[in-house]
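Peer 1: Using full-length UniProt numbering, the first residue of the sequence shown is number 1, and each one after it goes up by one. My questions will all concern the structure given below.
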Amino acid sequence: MLNLAVILRESAARRPDAPAVMHDGGTITYAELDARSDAVAAALAARGIGPGAPVALQLPNIPEFPIAYYGILKAGAVVVPVNVLLRAPEIAHQLRDSGARLFITWAGVAGEAAKGAAEAGLPSPYIVDGSIEELSAPVTEPFPLCPREPGDTAAIVYTSGTTGLPKGAELTHFQLYMNADIPGRLFEIKPADVVLTVLPLFHVYGMSSAMNLGIRFGAALSLVPRFTPEKVLATIERDRATIFDGVPTMFGALLAYAEKNECDTSSLRVCVSGGDAIPARLLDAIEERFGVPILEGYGMTETASTITFNQGPEERRAYSVGKPVWGVQVQVWDDAGRRLPPGRANIGELVTRGYHTMRGYHGHPAATAEAFDRGWFRTGDLGYADDDGYLYIVDRKKELIIRGGYNVYPREVEEVLHRHPGVLEAAVVGVPDERLGQEVKAIVVRRPGHSPSAPDIVEHCRDRVAAYKYPRLVEFRDALPLSGTGKVLKKDLA
1 MLNLAVILRE
11 SAARRPDAPA
21 VMHDGGTITY
31 AELDARSDAV
41 AAALAARGIG
51 PGAPVALQLP
61 NIPEFPIAYY
71 GILKAGAVVV
81 PVNVLLRAPE
91 IAHQLRDSGA
101 RLFITWAGVA
111 GEAAKGAAEA
121 GLPSPYIVDG
131 SIEELSAPVT
141 EPFPLCPREP
151 GDTAAIVYTS
161 GTTGLPKGAE
171 LTHFQLYMNA
181 DIPGRLFEIK
191 PADVVLTVLP
201 LFHVYGMSSA
211 MNLGIRFGAA
221 LSLVPRFTPE
231 KVLATIERDR
241 ATIFDGVPTM
251 FGALLAYAEK
261 NECDTSSLRV
271 CVSGGDAIPA
281 RLLDAIEERF
291 GVPILEGYGM
301 TETASTITFN
311 QGPEERRAYS
321 VGKPVWGVQV
331 QVWDDAGRRL
341 PPGRANIGEL
351 VTRGYHTMRG
361 YHGHPAATAE
371 AFDRGWFRTG
381 DLGYADDDGY
391 LYIVDRKKEL
401 IIRGGYNVYP
411 REVEEVLHRH
421 PGVLEAAVVG
431 VPDERLGQEV
441 KAIVVRRPGH
451 SPSAPDIVEH
461 CRDRVAAYKY
471 PRLVEFRDAL
481 PLSGTGKVLK
491 KDLA
C-alpha cells in the first residue's frame, strides 16, 4: 500500500514544529499542515468523496493548495490540478474529461470557474478566499490515510494542449513519490533547505519537483503566488531561500532586474532549470551574477516530471540536461524506430521507459496507444547523447523547420540570437513559404537601451550559422507570449 500523502505525515512526525510553508501571511508548521489537510480529508469523506474520485483543484501558490492537495490524497481521491488562467470553456473541458466530482477554486477566478462548472454540469465550486474553512471538518485525531496501491492514480495532470485539446496524464502514487525522492537525493536536499516555490503548483514541475520534493524531505516551501523578478528576489532574501526552481524566462527576468538593482541572494546554494532549454549565454550569466550553479533537467507532464537531471554540481555537464535518473531509461531513435549511436550528428527522437511514465491519458486509450512504441514513451523531443551518456535537447519534433529540404532546429538559431548584445529574448519559428516550404523567422524582444534593426539581427546570424539556417524574417515585439509556467508559446507565434 502507498498513499503519496505519507510524505507529509512522515515529515510532520519527524519535524512537527519545523516550518512547512512560508508565505506573505506568516509560517505554517508541519504539524499544522498535517492537521489542516486532515480536516479537508474528513470533510471530503463526509461528502462521499473517497477512493478514486477526481477532485479538481484550481488555486495559485497559496497555503491552501498544499492543504487541499494532501487532504484530497489522504481521502484516497484523485487530484486534478487546474490552471488558474483558464477560461470557462477550457475549465469545463477538464472537469468533464476528468470526471471531476467536486471543484475547489480561488476567489480571484471564481467567475470563470463558476461558468466552467455550470457548463460541465457540476455544482457550484467551493471558493477559497483567505481560508478553506468551508471544506474542512473538525478532527480530534489524525485522519487515517486511505490505503492505495502504488499503481493507483494520484493525480490527473493536463498537458498544455499544443496539439488539440489538452489530455489528462494519469500519474500514480508511486511515480510521484519517486519523482520527489530521486531528484531530491541528487542535489542532496536537507530539512534545513528552503525551496523558493514560484513555479505554479497546478503544473507538474511545481507540483512534483518543488512541492512534493520539499515535503518529502521535510524542507520549507516559500510560496510566491505570481512571478515578478522583484518579488522573487525579495522573497529569497526574506526567507533565506536555498533552492530555486525556475524556467529560462524567469532566470532571464531575474538577471535583467539584478543588473540594475541590489539584491541579496547569498542564501542560495543551487538553482534548477527545466520546462524549456536554457540558452547557454543566460546560464553562464546567471551563474556569474549570483554565484550559484544551475542544474538543468528534463521532464514532461507524462513522466510525472523528471526524466533526466544533472546529478549534482560536481558531476554536471553544462548545457546538457544530464543523464537519466535512477530507474529510468532513455534512447535516441531515428524515424524508423532504430536506436542511434552517440554523437552530435545523430539527432533523433528521445524515447523513455521506466517507473516514471504515466498510466495513460485519462479516457483516451487511442491517444495512449499512439504515445507508446514497444513499451517506450515517445517524447516528441529531438536530441542526442554524448559518449558519456549526457543528453542534449535540440528541439521539439513538431517545431522542426524544414527549409528547402534542410532541417533547421530553432533552438540552435535562438542560441545565436541570445548572443547578440541587443537581444533580451528570442524565439524562432517556421512560416509558410511557396518556394521553400518554410522560411525561418525570428521574433525578438530588444534589451532595454538597445535598438538593433532587422538587418542587424540577420547579419549577426548570417555570420554564425549556415546559409539555410539564418532568419530572413525578423519581427520585434515588446514581449513573447508565455504559458502559465513561463514557457514561450510558439504555437501563438507561428
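Just so you know, even glycine gets a beta-carbon here, dropped at the ideal spot from N, CA and C. Please read these numbers as outputs of a predicted model, since none were measured by experiment.
Taking the alpha helix (DSSP H) that K490 belongs to, which residues open and close that run?
Peer 2: 490-493
Peer 1: Which of helix, strand or coil does DSSP assign to D192?
Peer 2: As written in the sequence, residue 192 is Ala, which differs from the Asp given in the question. In this structure, A192 counts as coil in the three-state DSSP scheme.
Peer 1: By how many angstroms is the C-alpha of G383 removed from the C-alpha of Q175?
Peer 2: 24 angstroms
Peer 1: Would you call Q329 buried or exposed, if buried means 16 or more other Cβ atoms sit within 10 Å of its Cβ?
Peer 2: Residue burial is scored here from C-beta neighbours: Q329 has fewer than 16 other C-beta atoms within 10 angstroms and is therefore classed as exposed.
Peer 1: In angstroms with no decimal places, state the Cα-to-Cα distance between A467 and V458.
Peer 2: Between the alpha carbons of A467 and V458 lies a gap of roughly 11 angstroms.
Peer 1: Taking a contact to mean a Cβ-Cβ separation below 8 angstroms, would you say T235 touches I307 in this structure?
Peer 2: no
Peer 1: Does the count of Cβ pairs from the region 235-251 and the region 268-276 closer than 8 angstroms reach three?
Peer 2: yes
Peer 1: Which residue's Cα is closest to the Cα of P471: V488, P448, D433, K487?
Peer 2: If you compare the alpha carbons of V488, P448, D433, K487 with that of P471, the shortest gap goes to D433.
Peer 1: Going residue by residue through the region 364-396, where are the continuous alpha helix (DSSP H) segments of at least 4 residues, counting only ones entirely within it?
Peer 2: 365-371
Peer 1: Using a Cβ distance threshold of 8 angstroms, determine whether the region 22-35 contacts the region 48-59, with at least three qualifying pairs required.
Peer 2: no
Peer 1: Any chance you could list the beta strand (DSSP E) runs of at least 3 consecutive residues sitting entirely within the region 23-111, in chain order?
Peer 2: 26-29, 54-58, 78-81, 102-106
Peer 1: In whole angstroms, what is the alpha-carbon distance linking G422 and L489?
Peer 2: 22 angstroms
Peer 1: I'd like the span of the alpha helix (DSSP H) that includes E459, first residue to last.
Peer 2: 454-462
Peer 1: Take V270 as the anchor and find which of E302, E314, A256, T228 has the nearest alpha-carbon.
Peer 2: E314
Peer 1: For the beta strand (DSSP E) that contains A318, what are its first and last residues?
Peer 2: From DSSP, A318 is part of no beta strand (DSSP E); its letter is neither H nor E.
Peer 1: Considering just the uninterrupted stretch of the beta strand (DSSP E) at T306, what are its terminal residues?
Peer 2: Residues 305-309.
Peer 1: Since M207 contacts Y355 with CB under 8 angstroms, what's their CB separation in whole angstroms?
Peer 2: About 17 angstroms separates the two Cβ atoms, so there is no contact after all.
Peer 1: In angstroms with no decimal places, state the Cα-to-Cα distance between I127 and F103.
Peer 2: Computed Cα separation, rounded: 9 angstroms.
Peer 1: Whose CA, out of P324, V109, D152, V84, lies closest to the CA of P183?
Peer 2: Of the listed residues, the one whose Cα sits closest to P183 is P324.
Peer 1: Determine the direct distance from the alpha carbon of P147 to that of E288, and round the result to whole angstroms.
Peer 2: 48 angstroms
Peer 1: Please state whether DSSP places residue 576 in a helix, a strand or coil.
Peer 2: Lying outside 1 to 494, the shown extent of the chain, residue 576 is not represented and no answer is given.
Peer 1: Check whether the region 137-155 touches the region 277-286, taking contact to mean three or more Cβ pairs, one atom from each stretch, closer than 8 angstroms.
Peer 2: no
Peer 1: Which of helix, strand or coil does DSSP assign to L186?
Peer 2: For L186, the secondary structure class from DSSP, reduced to helix, strand or coil, is helix.
Peer 1: If you follow the alpha helix (DSSP H) that R281 is part of, which residue opens it and which one closes it?
Peer 2: 280-290
Peer 1: First and last residue of the alpha helix (DSSP H) that includes D264?
Peer 2: Premise fails: D264 is in no alpha helix (DSSP H) and is neither H nor E.
Peer 1: Is the region 131-140 in contact with the region 92-100, if contact means three or more CB pairs nearer than 8 angstroms?
Peer 2: No: fewer than three Cβ pairs fall under 8 angstroms.
Peer 1: G214 lies in the alpha helix (DSSP H); which residues open and close that run?
Peer 2: 213-216
Peer 1: Residues in the same chain with beta-carbon distance under 8 angstroms from G337, minus the five sequence neighbours each way, listed in chain order, please.
Peer 2: D373, R374
Peer 1: Short of 8 angstroms in beta carbon distance, which residues of its chain neighbour Q339, apart from the five on each side in sequence? Order them along the chain.
Peer 2: At residue 339 the sequence reads Arg, which differs from the Gln that was named. Closer than 8 angstroms at the Cβ level, and outside the excluded window around R339, lie Q331, V332, W333.
Peer 1: Which value, in whole angstroms, describes the spacing of the CA atoms of G26 and A41?
Peer 2: 24 angstroms
Peer 1: Suppose the cutoff is 8 angstroms on Cβ atoms and the five residues either side in sequence are ignored; what does the same chain contact list for A46 look like?
Peer 2: Annotation for A46: A137 place their beta carbon closer than 8 angstroms to its own, counting only its chain and skipping 5 residues before and after.
Peer 1: Taking the Cβ atom as the reference point for each residue, do P63 and I7 lie within a distance shorter than 8 angstroms?
Peer 2: no
Peer 1: Hey, how far is the Cα of E259 from the Cα of P452?
Peer 2: In this structure, the straight-line span from the alpha carbon of E259 to that of P452 is close to 20 angstroms.
Peer 1: Of the choices I294, G360, N261, D284, whose alpha-carbon is the least far from that of T301?
Peer 2: Nearest option by C-alpha distance: G360.
Peer 1: If the criterion is Cβ atoms closer than 8 angstroms, does the pair Y158 and G151 meet it?
Peer 2: no
Peer 1: In terms of alpha-carbon separation, which member of F217, E188, S160, L44 lies closest to A77?
Peer 2: For A77, the nearest C-alpha among the options comes from L44.
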